[in-house]
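Q: One structure, pasted below without further comment.
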Amino acid sequence: MNPLASGESAQRAYLQLEQTLQTNSAEESIPRLKDFIRQYPDFAQAHNDLAVMYYREGNKLLTLGHYEKAVKLNPTSTFRKNLASFYFVEMGWVDDAIFIYTDILRNSPNDTEVLTALGIISSNLGQRSEARIFFSKLLELEPWNHEARTFIAELDSPVLSPYSAVVPTPFTETSQISSPVVETVLGPEERTFFKHILELEPENPAARSLLTELDSPKTPSFGTVAEPSNTANSQISSPDLDAILADLRDTITKLDKKNHPDDIYSNALALMNKGDEQGAARELERLVQNQPAHALAHNDLGVLYQRRGVLAKSQYHHETAVKEDPSNISFKKNLAGLYFAELKRTDDAIFLLTDILKTNPNDVETLTGLARIAMTIGQPDEASIFINKVTELEPWNEEARELSGQLKTNDSFFLTSR
62 MNPLASGESA QRAYLQLEQT LQTNSAEESI PRLKDFIRQY PDFAQAHNDL
112 AVMYYREGNK LLTLGHYEKA VKLNPTSTFR KNLASFYFVE MGWVDDAIFI
162 YTDILRNSPN DTEVLTALGI ISSNLGQRSE ARIFFSKLLE LEPWNHEART
212 FIAELDSPVL SPYSAVVPTP FTETSQISSP VVETVLGPEE RTFFKHILEL
262 EPENPAARSL LTELDSPKTP SFGTVAEPSN TANSQISSPD LDAILADLRD
312 TITKLDKKNH PDDIYSNALA LMNKGDEQGA ARELERLVQN QPAHALAHND
362 LGVLYQRRGV LAKSQYHHET AVKEDPSNIS FKKNLAGLYF AELKRTDDAI
412 FLLTDILKTN PNDVETLTGL ARIAMTIGQP DEASIFINKV TELEPWNEEA
462 RELSGQLKTN DSFFLTSR
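Numbers given in the numbering used here equal positions in the sequence shown, counted from 1, plus 61.
Here it is in structure tokens:
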């Protein structure tokens, strides 16, 4: 088939499909978009819109894959904004986001979405002067832009909060899918994000202002406008962009180190060693938010929440640790301890510990744990088996001797109770 004719056919088919996408939920739209892509695998807009739907469903991996596919199929499209936003907001790939945004800005220097995004990224990197350039340019283009004024006010504050601004999440309303420009729409996800910021920082003025903005009608305000910075750089030229990009990249290494999983985990350990378990939990929560499969962080969160008596969270994190790293016997032991000591799920605890023994038959901690459980549920013979095994492996083991003494002391009790 003629490629041009094929493209026209795909366009017509998609125009028909989008009529249903406008009224369907993400769950209903995903199979329709997948069917369309099977027939027209190179139709970039379908990949972009499928990514949007997957994002609404919380499937970040497939979101990333389809955003990248859309950009690969149409490298000059506005879909790049969605990919850059996803890189920054969800993946933490700051340098990749900057590369895309600055490339767009070279060809479209008045793109307000890109100016906003680069201003926010610069702000979060601590590059106030660069952020001011972007926001000042934004105010030149949109004097009524309340968010830009808020960002500039935040830049003028003595302490710049790392949560003072975020790039809008890569959402596109289905009603706008056919638009030649993919708009970024503020919706429930952004509201949730700003509320989360306020939970962490109740006094954060930018987050509170933006949340208020989300909850109020969008009416342009022609009142007093913050004056743009008195600098020649407010008019952005290509050399300026190159310099700004270089400055931003200079700070990326520091940012990456600060946000690297190993560094976050080390900081959490330092806080634990200082006795600041609440601070350690915050760091570990930040780590698992960025690295959901970080089993060690989940395990430690399970331990911390168990100490604080937050058993539901403890269970979730302990179970997630075992799920992500099922070969780690320490994680299984911790989960078994929670099951037995706190949740009274004795059978589940026994299952985990005996499963460990299949591959680690001489693990002293596991044998001791099973001995204690056996004693607690009134099975002294089984307890003796485990205790004797521990004594055989470690004749010096004080805990085994204590348990053996308890068995002898309580022998008459066990005999009468069975």
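Glycine included, each C-beta is placed from N, C-alpha and C at the ideal position. The structure presented is a predicted model; accordingly, all values stated were derived computationally and were not measured.
Rounded C-beta distance between S184 and F212? I'm assuming under 8 Å.
A: S184 to F212, Cβ: 7 Å. Contact.
Q: In or out: A192 buried (at least 16 other Cβ within 10 Å) or exposed?
A: By the neighbour-count rule (16 or more Cβ atoms within 10 Å), A192 is buried.
Q: By the 10 Å Cβ neighbour count, where 16 or more other Cβ atoms means buried, how is D110 classified, buried or exposed?
A: So D110 counts as buried.
Q: Closest by CA to L414, which one among Q350, R343, G398, P170?
A: Checking every option, the nearest Cα to that of L414 belongs to G398.
Q: Once the 5 residues before and after I434 are set aside, which same chain residues still bring their CB inside 7 Å of it?
A: If we look at I434 and ignore the five residues flanking it on each side, its Cβ neighbours are F401, T407, A410, I411.
Q: Would R141 and V150 qualify as a contact pair, given that the criterion is a beta-carbon distance under 8 Å?
A: It is not a contact, given that the beta carbons lie outside the stated cut-off.
Q: Between which two residues does the alpha helix (DSSP H) containing Q339 stretch?
A: Counting along the chain, the alpha helix (DSSP H) containing Q339 begins and ends at 338-351.
Q: Buried or exposed: A373, going by 16 or more other Cβ atoms within 10 Å of its Cβ?
A: Per the 10 Å Cβ criterion, exposed.
Q: Take the Cβ of L179 as the centre, count every other Cβ of all protein chains shown within 10 Å, and call the residue buried at 16 or more, exposed below.
A: Under this definition L179 is a buried residue.
Q: Are any of the Cβ atoms in chain C nearer than 8 Å to that of Q83?
A: Checking the listed chains, one finds no chain C in this structure; it contains a single protein chain.
Q: Quick one: Cα of N449 to Cα of A87, how far?
A: Distance between the alpha carbons of N449 and A87 is about 59 Å.
Q: P322: which of A342, W205, R347 sits nearest, CA to CA?
A: Measuring from the Cα of P322, the nearest candidate turns out to be R347.
Q: Looking at C-alpha atoms only, which residue of D164, D324, E215 is the closest neighbour of Q188?
A: Of the candidates D164, D324, E215, the one whose C-alpha sits nearest the C-alpha of Q188 is E215.
Q: Count the other CB atoms, across all protein chains shown, that sit within 10 Å of the CB of L94; report buried if there are 16 or more and exposed otherwise.
A: So L94 counts as buried.
Q: I'd like the list of long-range same chain contacts for I98, defined as Cβ closer than 6 Å, with 5 residues on each side in sequence excluded.
A: Taken in chain order, the residues that qualify are A107.
Q: Quick one: any contact between the segment 440-449 and the segment 414-425, if contact means 3 or more CB pairs under 8 Å?
A: Taking 8 Å as the limit for Cβ pairs, the verdict is that the segment 414-425 does not touch the segment 440-449.
Q: State the start and end residues of the unbroken alpha helix (DSSP H) segment that holds L372.
A: It spans 372-385 - the alpha helix (DSSP H) in which L372 sits, taken as one unbroken run.
Q: Helix, strand or coil for L123? Go by DSSP, reduced to three states.
A: Of the three classes helix, strand and coil, the one that applies to L123 here is helix, per DSSP.
Q: Would you mind reading off the limits of the alpha helix (DSSP H) that contains E88?
A: Start and end: 87-100.
Q: Measuring only the C-alpha atoms, how far is F447 from T429?
A: Roughly 7 Å between the two C-alpha positions.
Q: Comparing alpha-carbon positions, which option in N334, S388, G466 lies nearest L365?
A: Nearest option by C-alpha distance: N334.
Q: Where does S70 fall in DSSP's three states?
A: S70 falls in the helix class under three-state DSSP.
Q: If you draw a straight line from the alpha carbon of L123 to that of T81, how long is it in whole angstroms?
A: Using only the alpha carbons, I get a separation of about 22 Å.
Q: Quick one, which of S70, G439, W205, K393 has its alpha-carbon nearest L418's?
A: Considering only alpha carbons, the answer is K393.
Q: Whose C-alpha, out of Y326, K130, Q72, is nearest the C-alpha of A112?
A: Taking only the C-alpha atoms, the option nearest A112 is K130.
Q: Can you list, in chain order, the residues of its chain whose CB lies under 6 Å from that of N458, leaving out five sequence neighbours each side?
A: These residues qualify, in order along the chain: V451.
Q: Pick helix, strand or coil for D408, following the three-state DSSP scheme.
A: In the structure shown, D408 sits in a helix (DSSP, three-state: H, G or I).
Q: Of the choices N421, G119, N168, whose alpha-carbon is the least far from that of S138?
A: The candidate whose alpha carbon is nearest that of S138 is N168.
Q: Note down the Cα distance separating E338 from A329, rounded to an integer number of angstroms.
A: Taking the straight line joining both Cα atoms gives about 8 Å.
Q: Would you check if the distance between the CB atom of A145 and the CB atom of Y101 is smaller than 8 Å?
A: Result no, Cβ atoms of A145 and Y101 do not sit closer than 8 Å.
Q: Name the residue from E453, T437, G439 whose alpha carbon lies nearest to the alpha carbon of V425.
A: The shortest C-alpha separation from V425 is found at E453.
Q: Where does R73 land, buried or exposed, given buried means 16+ other C-beta within 10 angstroms?
A: Looking at its Cβ environment, which holds fewer than 16 other Cβ atoms inside 10 Å, R73 is exposed.
Q: Could you check the C-alpha separation between L468 and I438 for me, to the nearest Å?
A: Rounded to the nearest angstrom, the two C-alpha atoms are 13 Å apart.
Q: Have a look at Q350 and G153 and give me their C-alpha separation to the nearest angstrom.
A: Computed Cα separation, rounded: 11 Å.
Q: Assign Q188 to one of three DSSP states: helix, strand, or coil.
A: Q188 falls in the coil class under three-state DSSP.
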